[in-house]
Amino acid sequence: MRKTKIKYLFNIESEYKENLNFDLDDIHSAVPKILDNLFLVKEISDSACFFGMDFKNLSFDILFTDDIKIQKINREYREKDTPTDVITFALFADDDFKMVLDEEINLGEIIISVDTAKKQAGNNPLGIKNEILTLICHGILHLFGFDHQTEEDYNFIVDVQNRVLQAIDEGC
18 MRKTKIKYLF NIESEYKENL NFDLDDIHSA VPKILDNLFL VKEISDSACF
68 FGMDFKNLSF DILFTDDIKI QKINREYREK DTPTDVITFA LFADDDFKMV
118 LDEEINLGEI IISVDTAKKQ AGNNPLGIKN EILTLICHGI LHLFGFDHQT
168 EEDYNFIVDV QNRVLQAIDE GC
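For the sequence shown, my numbering begins at 18 and goes up steadily by one.
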């Protein structure tokens, strides 16, 4: 168990030109809740890429964009010429040296296509916010070093996402 509380430093930016259909302030207030609840999951807190390291701050960025931009990123970095819902650049998890500078770990960046999130949310007006929170949670898990190369790993990530988002819905 950590002796000091972790401070979350994150930026949320949107270059999405259309109506987001969700409030960025709601998302901003939900991100620390996602992080707090992720740290309550023993498998996450004991296996994250920064486990056992001394730090006080975790930082990362979230960018909302459209299908055109995320498809370009997906093509350039993943060699997949199709839009996707979320792409993460897990700087710390993928770094062999795992440097902590000034007691801060820069985890990386989460990029979310609002176009794809809207499609996945369907016609449910509350669905887009829930979909965005799911994608943020998914992206944070990637930044923490969790991946889903196997069906078992994918099921683990989805289970954790569902538990965390349910806890937030219940006010935890």
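Every residue gets a Cβ at the ideal spot worked out from N, C-alpha and C, and that includes glycine.
Please state whether DSSP places ILE122 in a helix, a strand or coil.
strand
Proximity below 8 Å, CB of GLU39 to CB of ILE149
Checking the displayed sequence, the identity of residue 39 turns out to be Phe instead of Glu. Result yes, Cβ atoms of PHE39 and ILE149 sit closer than 8 Å.
For ALA138, which residues from the same chain have a beta carbon less than 8 Å from its beta carbon, with the 5 sequence-adjacent residues on both sides left out?
GLY144, ILE145, ASN147 and GLU148
Name the DSSP bridge partner or partners of SER76?
LEU26 and ASN123
Distance, LYS22 Cα to THR82 Cα:
Taking the straight line joining both Cα atoms gives about 32 Å.
Pick from VAL177, PHE77 and ARG92 that is closest to THR101, judged by C-alpha positions
ARG92
Nearest-angstrom beta carbon gap, ASP78 and PHE27 [assumed within contact, 8 Å]:
So it is a contact: roughly 7 Å between Cβ atoms.
Give the DSSP-derived three-state secondary structure of ALA134 in the structure shown.
helix
What do you reckon, are the CB atoms on LYS151 and GLY125 nearer than 8 Å?
The sequence shown places Thr at residue 151, rather than the Lys named in the question. Contact: no.
Hey, out of LEU52, ASP164 and GLU169, whose CA is closest to SER76's CA?
LEU52
Let me confirm a value: GLN183 is counted as buried when at least 16 other C-beta atoms fall within 10 Å, else exposed. Which label applies?
exposed
Backbone CA spacing between ASP84 and ASP71 [nearest angstrom]:
Between the alpha carbons of ASP84 and ASP71 lies a gap of roughly 38 Å.
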